[in-house]
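Shown next, in structure tokens, is the structure this report addresses.
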Amino acid sequence: MFKKILVTAIAATAITVPQATAAEAESCTIESGNFNWGVKHSWRSYIKGRIANGGWETTGAVKENGDPTGGDFTFGFEVDPEASTVSVDEAGNVTASKIKAKDSSITFTGHHGALYSKMTNPFVQTEGDKAQLGSGYEAYFVEGKHMTQYTPEDRVEANKRTGEGAFGHGKAQWNKDGDTLTLSASDVMYERQPGTNDSGDVEGVDFLFMGMYSHDYNPEVDSAQLTLKLAPGCGQKKDNGKDPSDGEKPNPQVPSEGEKPKPQTPSEDKNLSSGESSSSSSKTTNFWNYFLGIAAIGSMIAILWQAFVKSGAFDSARAFFQR
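Quick note: the sequence shown uses my numbering, first residue 387, plus one each step.
So, in structure tokens, the structure goes:
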């Protein structure tokens, strides 16, 4: 019992030292960038293959690199700095980002015009070491009708579906070299939206691929590479002990023997008063520190005395001296 109260007393009078908190991430200014992504190899192969017998058209700042049906083919997009954000800590590590392409689109068509699927302004979003890839979309959906039965006449306003969403989920690996950031989004897999199933129900960005893909069917999504040019100085450690705007301070001049000290001006009197005030404030602070320290010690002694009495040691000692 005595030991328990003693531990409590010591804990109650312990001095708590505030812990340093991690510096908040800094939001960097993006000057420019490019974003290379093939979207989905199996989708491109399907569009260009014998079944869909289709193709695609691009608008805006989009470049095509490589064989359209090859695994290493990519669409090249320009990053929109105004619509993109990236946060970096003092060590240069990216903590979070959302990078969007400039106004652009890829319109996939096939099945003699029955298939129409438009991807707009692709994006990559990261948090820690996780990456999500997606885009805006415009597609058509006829409830109760299989996609192979669609016709060009089904492309009416009532059947149009639009929105934005992420469908690829993978790993994010960032690297920083000076004011340049690079991202590799790898091991990207397709994840269906809640509500999409194999019974014909489709939701969200799954309209882009007509609800075709899932974890069990061709889930692989193409990897993506991103390069960003940042404004100078973002994510660099700052010297908190020195104001970079301060130059070399001149050494104080020692008066020569022949010089007489000048009388203090009112401004000097003010500075002196300020110094005296600061000294007085320091003394007041020291007084309260001593006072609180003594109060804490007194509280501890009182708690220990109560513990001594409650433990029965006091009665035993009194009985001993009364013999």
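Positions of the beta carbon are idealized from the N, C-alpha and C atoms, including for glycine. Note that the structure is a prediction, hence the values are computed from the model and not measured.
Use the C-beta contact count for D584: other C-beta atoms within 10 angstroms, 16 or more gives buried, fewer gives exposed. Indexing the sequence shown from 1 puts residue 584 at position 198. Exposed, because fewer than 16 other Cβ atoms sit within 10 Å of the Cβ of D584.
Where does D453 fall in DSSP's three states? Along the sequence shown, read from residue 1 onward, the residue named residue 453 stands at position 67. If DSSP states are grouped into helix, strand and coil, D453 belongs with coil.
Which of helix, strand or coil DSSP assigns to E589: Position 203 of the sequence shown, counted from the start, is the residue given in the question as residue 589. Three-state DSSP puts E589 in coil, outside helix and strand.
Give a yes or no on whether the C-beta atoms belonging to P618 and D563 are separated by under 7 Å. As a working mapping, residue 618 is identified with position 232 in the sequence shown. As a working mapping, residue 563 is identified with position 177 in the sequence shown. Going by C-beta atoms, P618 is not nearer than 7 Å to D563.
Could you say if the region 586-593 and the region 442-455 meet the contact criterion of at least three C-beta pairs nearer than 8 Å? Counting Cβ pairs under 8 Å, fewer than three are found: no touch.
Compare the C-alpha of G440 against each of P580, T495, E417 and A517 and name the closest. Within the sequence shown, residue 440 is the residue found at index 54, counting from 1. It is T495 whose Cα lies nearest to the Cα of G440.
When you compare the CB positions of L614 and I416, do they come within less than 7 Å of one another, or not? As a position in the sequence shown, residue 614 is number 228, starting the count at 1. As a position in the sequence shown, residue 416 is number 30, starting the count at 1. Yes, Cβ-Cβ distance for L614 and I416 is below 7 Å.
Just checking, does the region 518-531 make contact with the region 489-507 on the three C-beta pairs under 8 Å criterion? Contact holds: three or more Cβ-Cβ distances are below 8 Å.
Tell me, please, which residues DSSP counts as bridged to H555. Here residue 555 refers to the residue found at position 169 when the sequence shown is read from its first residue. Residue pairing of H555 in beta bridges, as defined by DSSP: Q518 and M575.
Looking at the unbroken beta strand (DSSP E) that takes in S470, where does it start and where does it end? If you number the sequence shown from 1, residue 470 lands on position 84. Bounds of any beta strand (DSSP E) do not take in S470, whose DSSP letter is neither H nor E.
Short check: CB of K486 to CB of F509, under 7 Å? As a first step, residue 486 must be located in the sequence shown, where it is residue number 100. As a first step, residue 509 must be located in the sequence shown, where it is residue number 123. A contact, by the Cβ cut-off of 7 Å.
Between the CA atoms of S413 and E476 - distance to the nearest angstrom: Position 90 of the sequence shown holds residue 476. Position 27 of the sequence shown holds residue 413. Rounded to whole angstroms, E476 to S413 spans 11 Å at the Cα level.
Mapping the DSSP letters down to three states, classify G530 as helix, strand or coil. The count along the sequence shown starts at 1 and reaches residue 530 at position 144. Three-state DSSP puts G530 in coil, outside helix and strand.
Tell me whether Q692 sits in a helix, a strand or coil according to DSSP, three-state version. Taking the sequence shown and counting its residues from 1, the one referred to as residue 692 is at position 306. Helix.
If you draw a straight line from the alpha carbon of E468 to that of S418, how long is it in whole angstroms? For the purposes of this step, residue 468 is identified with residue 82 of the sequence shown, where counting begins at 1. For the purposes of this step, residue 418 is identified with residue 32 of the sequence shown, where counting begins at 1. Using only the alpha carbons, I get a separation of about 10 Å.
Sequence-distant residues of the same chain with beta carbon closer than 6 Å to N561, five excluded per side: Counting from one through the sequence shown, the residue named residue 561 turns up at place 175. Here the set comprises T568.
Less than 6 Å between C-beta atoms, sequence neighbours within five positions excluded: which residues of the same chain meet that for S483? Position 97 of the sequence shown, counting from 1, holds the residue named residue 483. Residues V472 and T512 of the same chain have their beta carbon placed closer than 6 Å to that of S483, with the five preceding and five following residues left out of the count.
Would you say N604 and S431 are within 7 Å of each other, going by their C-beta atoms? Position 218 of the sequence shown, counted from the first residue, corresponds to residue 604. Position 45 of the sequence shown, counted from the first residue, corresponds to residue 431. No, they are not a contact pair.
Taking Cβ to Cβ, would you say D573 is nearer than 7 Å to G554? Within the sequence shown, the letter at position 187 stands for residue 573. Within the sequence shown, the letter at position 168 stands for residue 554. Cβ distance not < 7 Å, so D573 and G554 don't count as in contact.
State the DSSP-derived secondary structure class of R547, mapped to helix, strand or coil. Here the question's residue 547 lines up with position 161 in the sequence shown. R547: strand per DSSP, three-state reduction.
C-alpha gap between G456 and A571, whole angstroms: As a working mapping, residue 456 is identified with position 70 in the sequence shown. As a working mapping, residue 571 is identified with position 185 in the sequence shown. Straight through space, the alpha carbons of A571 and G456 are spaced by roughly 19 Å.
Going by alpha carbons, who is nearest to D458 out of W442, V480, A558 and K426? In the sequence shown, counting from the first residue as 1, residue 458 sits at position 72. Measuring from the Cα of D458, the nearest candidate turns out to be K426.
First through last residue of the beta strand (DSSP E) which encompasses Y502: Counted from its first residue, the sequence shown places residue 502 at position 116. Unbroken beta strand (DSSP E) run through Y502: L501 to E513.
In its own chain, which residues sit with a C-beta less than 7 Å from the C-beta of I680, not counting the 5 before and 5 after it? On the sequence shown, position 294 is the one that residue 680 refers to. Closer than 7 Å at the Cβ level, and outside the excluded window around I680, lies no residue.
Which first and last residues belong to the alpha helix (DSSP H) in which S418 is found? Along the sequence shown, one-based indexing puts residue 418 at 32. Unbroken run through S418 is the beta strand (DSSP E), I416 to W423; no alpha helix (DSSP H).
Nearest-angstrom Cα separation, counted from W442 out to G452: The residue given as residue 452 occupies position 66 in the sequence shown. The residue given as residue 442 occupies position 56 in the sequence shown. When rounded, the distance between both Cα atoms is 15 Å.
So what does T568 bridge to, in DSSP terms? Taking the sequence shown and counting its residues from 1, one reaches residue 568 at position 182. Per DSSP, N561 and T613.
Is it buried or exposed, V480, if we count other Cβ atoms within 10 angstroms and call 16 or more buried? What you label residue 480 is simply residue 94 of the sequence shown in a count that begins at 1. With at least 16 other beta carbons inside 10 angstroms of its own, V480 counts as buried.
Among T493, T460 and L616, nearest to A433 - alpha-carbon criterion: By one-based count along the sequence shown, residue 433 stands at place 47. Note that residue 433 is Ile in the sequence shown here, rather than Ala. Ranking the options by Cα distance to I433, first place goes to T493.
Sequence-distant residues of its chain with Cβ nearer than 6 Å to Q518 (five each side left out): Walking along the sequence shown from the start, residue 518 turns up at place 132. Closer than 6 Å at the Cβ level, and outside the excluded window around Q518, lie Q511, A552 and H555.
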